[in-house]
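Notes to accompany the following structure.
Number of protein chains: 2
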Amino acid sequence: MNFKLIVGLAATLFLSTSGFGQSIHQLKKVDKPLVLASQGSFYVGGESSDQSFTELGSFGPAGHITINQMYVRYMVPQNVTGSPVIMIHGMTLTGKTWETTPDGRIGWDEYFVRNGFPVYIPDQVGRGRSGFNQAAFNRVRGNESKPQEQAPMWRFSDETVIPNFRIGDTTGIVHSESLFPEEALVELSKQAVPDVSMSLPNPNPTFKALADLSTDLNKATLISHSQSGSYPIEAALIDPEGIKNMILVEPGHCPTELKEEQLIKLKNIPTVVVFGDYLDQPTGVPHSWRTAYESCKIFTEELTQAGGKAEIWHLPEMGYKGNSHVLMQDKNNLQIADLLMNWLNKN
Amino acid sequence: MNFKLIVGLAATLFLSTSGFGQSIHQLKKVDKPLVLASQGSFYVGGESSDQSFTELGSFGPAGHITINQMYVRYMVPQNVTGSPVIMIHGMTLTGKTWETTPDGRIGWDEYFVRNGFPVYIPDQVGRGRSGFNQAAFNRVRGNESKPQEQAPMWRFSDETVIPNFRIGDTTGIVHSESLFPEEALVELSKQAVPDVSMSLPNPNPTFKALADLSTDLNKATLISHSQSGSYPIEAALIDPEGIKNMILVEPGHCPTELKEEQLIKLKNIPTVVVFGDYLDQPTGVPHSWRTAYESCKIFTEELTQAGGKAEIWHLPEMGYKGNSHVLMQDKNNLQIADLLMNWLNKN
Numbered sequence: 032m033n034f035k036l037i038v039g040l041a042a043t044l045f046l047s048t049s050g051f052g053q054s055i056h057q058l059k060k061v062d063k064p065l066v067l068a069s070q071g072s073f074y075v076g077g078e079s080s081d082q083s084f085t086e087l088g089s090f091g092p093a094g095h096i097t098i099n100q101m102y103v104r105y106m107v108p109q110n111v112t113g114s115p116v117i118m119i120h121g122m123t124l125t126g127k128t129w130e131t132t133p134d135g136r137i138g139w140d141e142y143f144v145r146n147g148f149p150v151y152i153p154d155q156v157g158r159g160r161s162g163f164n165q166a167a168f169n170r171v172r173g174n175e176s177k178p179q180e181q182a183p184m185w186r187f188s189d190e191t192v193i194p195n196f197r198i199g200d201t202t203g204i205v206h207s208e209s210l211f212p213e214e215a216l217v218e219l220s221k222q223a224v225p226d227v228s229m230s231l232p233n234p235n236p237t238f239k240a241l242a243d244l245s246t247d248l249n250k251a252t253l254i255s256h257s258q259s260g261s262y263p264i265e266a267a268l269i270d271p272e273g274i275k276n277m278i279l280v281e282p283g284h285c286p287t288e289l290k291e292e293q294l295i296k297l298k299n300i301p302t303v304v305v306f307g308d309y310l311d312q313p314t315g316v317p318h319s320w321r322t323a324y325e326s327c328k329i330f331t332e333e334l335t336q337a338g339g340k341a342e343i344w345h346l347p348e349m350g351y352k353g354n355s356h357v358l359m360q361d362k363n364n365l366q367i368a369d370l371l372m373n374w375l376n377k378n
Numbered sequence: 032m033n034f035k036l037i038v039g040l041a042a043t044l045f046l047s048t049s050g051f052g053q054s055i056h057q058l059k060k061v062d063k064p065l066v067l068a069s070q071g072s073f074y075v076g077g078e079s080s081d082q083s084f085t086e087l088g089s090f091g092p093a094g095h096i097t098i099n100q101m102y103v104r105y106m107v108p109q110n111v112t113g114s115p116v117i118m119i120h121g122m123t124l125t126g127k128t129w130e131t132t133p134d135g136r137i138g139w140d141e142y143f144v145r146n147g148f149p150v151y152i153p154d155q156v157g158r159g160r161s162g163f164n165q166a167a168f169n170r171v172r173g174n175e176s177k178p179q180e181q182a183p184m185w186r187f188s189d190e191t192v193i194p195n196f197r198i199g200d201t202t203g204i205v206h207s208e209s210l211f212p213e214e215a216l217v218e219l220s221k222q223a224v225p226d227v228s229m230s231l232p233n234p235n236p237t238f239k240a241l242a243d244l245s246t247d248l249n250k251a252t253l254i255s256h257s258q259s260g261s262y263p264i265e266a267a268l269i270d271p272e273g274i275k276n277m278i279l280v281e282p283g284h285c286p287t288e289l290k291e292e293q294l295i296k297l298k299n300i301p302t303v304v305v306f307g308d309y310l311d312q313p314t315g316v317p318h319s320w321r322t323a324y325e326s327c328k329i330f331t332e333e334l335t336q337a338g339g340k341a342e343i344w345h346l347p348e349m350g351y352k353g354n355s356h357v358l359m360q361d362k363n364n365l366q367i368a369d370l371l372m373n374w375l376n377k378n
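Respectively, the protein sequence lines represent chains G and B.
Note that the first sequence ends on residue 378 in my numbering; no numbers are left out.
Note that the second sequence ends on residue 378 in my numbering; no numbers are left out.
Structural data, given as structure tokens:
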């Protein structure tokens, strides 16, 4: 039972080279229609950048482009019963994280909408449909700057994802109780795009974009994941007014040395941090999920001491075993969503 | 009337630097709810690539990643009355092209769904949520190859977009009869992402992905735009079986020297090519829309002579004046969509 992989990994990788990964007929439908008051997309933020011919990829005359905008897709249910929810993806990923799961089940985006919550899904500035500032790369290509002046473009290898996303161990063997749909590992691999976070301005424009979007929505819940784990906190430190709740799903770390004036900004925002199983397993990269968990434990304790309402959930201790780092895609993803919506409805 | 810009351009560019471009309250709602049988996203194609530590951005151990997959978002209406439609965007853009317009009106994606057509919106391989192969860029950064071995990343400047998208002239003055929502030019600018088409394998994996998706959908209409203008033809030449109709919106060019065996593959696919206004104006770049139009005229004539059913529409000759290159975002976008849906329903 414990040895489904590596053979399984090789098989799914092989399938992918046949050139057609997933048939639409593998996507599962919900019987009840989805009734939307509205859906669509728009951008938050952005700024004009004056760029040279070389910086534009030697394409057309020099001039201005817009950079640092954040793409957002949204769905508003016909019967709204909850406050808006913004779901922010993690490293090397896009808003796809929250959509149809790798094995074709409905994602948290649709499930929250079906439960009365308007849902807003950004692509972080620098990735997916938000784009990134290509100027530094083209300057290097045009011999106007040194290769080291262009940012690295990060991707996780499939071999890294299995242990680091706590789906299996460092040898590629999937945990016998893993709730990640193992047969769809190659579909998870397809979700990744180059991550040029190192090329972004400091602070990351996504923080302000999230604060602005929350304010525009007149109180929204921010749900973050992994790399974006602390983004709701960063957004709240810019402007807490629009933020109703914070849900940090598997944050890569939590801030543990917040100043008093920062805690004051955060304390009126009910917060929950959620972690899945296998926190102590080796990840194969210089990152420990146990350390991440412990930092978030300190964060929630400090926030509580400051008068805030903050919880941390370790799912195995609550009876949910086998959840991976991408628990919004695990087989019990809707069950975990139910826990969170119950918590939201109580606040 | 003719002199709304350059002042207008400066004003919109200035607005964008305030850090918050568009409020959700500017988005227009349709009164009637949107009733979907299903919605979601998935990937078509993709292949495994064995990459080194450097190629992965020096992030984690070396290993495999998936590249060349095509992201597709879809909406299927509850009452399906038409066959599936796949809408493919153009150069430096993403699937956003077909979504909410820059000034917040509903896009062709939702409008086709509201009229009974299941709609599938890909991001071309190499852009947006489909990602791209970052290896060559990281090899340059790691001094493993020369700067010229990484592809250029193309962006159009805002100053280029106005004449080349035929919204205004080369001095930035918007045409007095332009149907593009001029006040939203900065929102159009935000739609652009770096285009790394030059780094893609040859043939472009998007061609086969479109053919495979069409086959999987058991007869789909391919709607293309600009750079992707000829992609439906490329997909049909790989496998015409799944392709029901082809709609080429403002293709950058059409093939004019197809061989007999190629025309035989295409002739059972009813085809329409659509062009907007201002074909003869200077574009400010080495591209002539009149030349593009003429090549498509030859293409439709050759296809007709081979026994096919092919039309070319020049909208001003049909009474629709003022349409830009991005006519799916112009103020009469739904009117143009109606013309196309009528044509589809007749086939």
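All C-beta atoms, glycine included, are put in the ideal place defined by N, C-alpha and C.
Output the boundary residues of the beta strand (DSSP E) element that contains residue i.
i                   : result
serine 69/G         : 65-82
tryptophan 344/G    : 341-345
phenylalanine 306/B : 302-306
proline 108/B       : 94-108
aspartate 140/G     : Here aspartate 140/G belongs to no beta strand (DSSP E); instead the alpha helix (DSSP H) covers 139-145.
When DSSP labels each residue in this structure, what does residue i get in the three-state scheme?
i               : result
glycine 260/G   : coil
proline 379/B   : There is simply no residue 379/B to check, as chain B begins at 32 and stops at 378 in what is shown.
leucine 124/G   : coil
aspartate 369/G : helix
valine 171/G    : helix
glycine 381/B   : This structure cannot speak to residue 381/B, because chain B is shown only from 32 to 378.
leucine 87/B    : coil
aspartate 311/B : coil
leucine 231/G   : coil
valine 61/B     : coil
aspartate 189/G : helix
alanine 223/G   : coil
Measuring only between beta-carbons, confirm whether residue i sits less than 8 Å from chain B.
i                : result
aspartate 134/G  : no
histidine 95/G   : yes
isoleucine 137/G : yes
isoleucine 55/G  : yes
glutamate 130/G  : yes
proline 64/G     : yes
glycine 162/G    : yes
glycine 159/G    : yes
Roughly how many angstroms lie between the CA atoms of residue i and residue j, to the nearest whole one?
i                : j                : result
glycine 307/G    : aspartate 134/G  : 19 Å
proline 301/G    : isoleucine 274/G : 9 Å
proline 286/G    : proline 153/G    : 23 Å
threonine 85/B   : histidine 95/B   : 13 Å
asparagine 169/B : lysine 63/G      : 47 Å
threonine 123/B  : threonine 331/B  : 27 Å
asparagine 235/G : serine 114/B     : 43 Å
How is the alpha helix (DSSP H) around residue i delimited, first residue to last?
i                : result
asparagine 276/B : That residue, asparagine 276/B, is in no alpha helix (DSSP H); its beta strand (DSSP E) goes 274-280.
isoleucine 55/G  : Segment: none, isoleucine 55/G is in no alpha helix (DSSP H) and carries neither H nor E.
valine 116/B     : Segment 116-118 is the beta strand (DSSP E) holding valine 116/B; no alpha helix (DSSP H) there.
proline 236/B    : 236-247
tryptophan 320/B : 320-336
Beta-carbon of residue i versus every beta-carbon of chain G: anything under 8 Å?
i                : result
glutamate 141/B  : yes
glutamate 218/B  : yes
valine 316/B     : yes
alanine 251/B    : no
aspartate 361/B  : no
serine 69/B      : yes
arginine 172/B   : yes
lysine 60/B      : yes
glycine 273/B    : no
asparagine 146/B : no
Could you please tell me which residues of the stretch 176-198 of chain G, in chain order, have their CB closer than 7 Å to any CB of chain B? Pro178, Gln179, Gln181, Pro183, Met184, Trp185, Arg186, Phe187, Ser188, Asp189, Glu190, Thr191
At a Cβ cut of 7 Å, what residues of the stretch 319-345 of chain B count as close to chain G, listed as they run along the chain? none
Short-range partners of chain B found in the stretch 200-228 of chain G, where Cβ spacing is below 7 Å: Within the stretch 200-228 of chain G, the residues whose Cβ lies closer than 7 Å to some Cβ of chain B are Val217, Glu218, Ser220, Lys221, Ala223, Val224, Pro225, listed in chain order.
Taking a Cβ distance cut-off of 8 Å, strictly less, list which residues of the stretch 75-96 of chain G are near chain B, in chain order. Val75, Gly76, Gly77, Glu78, Ser79, Gln82, Leu87, Gly88, Ser89, Phe90, Gly91, Pro92, Ala93, Gly94, His95, Ile96
Short-range partners of chain B found in the stretch 234-263 of chain G, where Cβ spacing is below 7 Å: Under the 7 Å Cβ criterion, the stretch 234-263 of chain G contributes Lys239, Asp243, Asp247, Leu248.
Below 8 Å between beta carbons is the criterion; list the residues of the stretch 115-127 of chain B that meet it against any residue of chain G, in chain order. Thr125, Gly126, Lys127
Give, in chain order, every residue of the stretch 351-377 of chain G whose Cβ lies closer than 8 Å to some Cβ of chain B. none
Got a sec: which bits of the stretch 288-310 of chain B sit with their beta carbon under 7 Å from any beta carbon on chain G, in order along the chain? Look at the stretch 288-310 of chain B: it has no residue with a C-beta under 7 Å from a C-beta of chain G.
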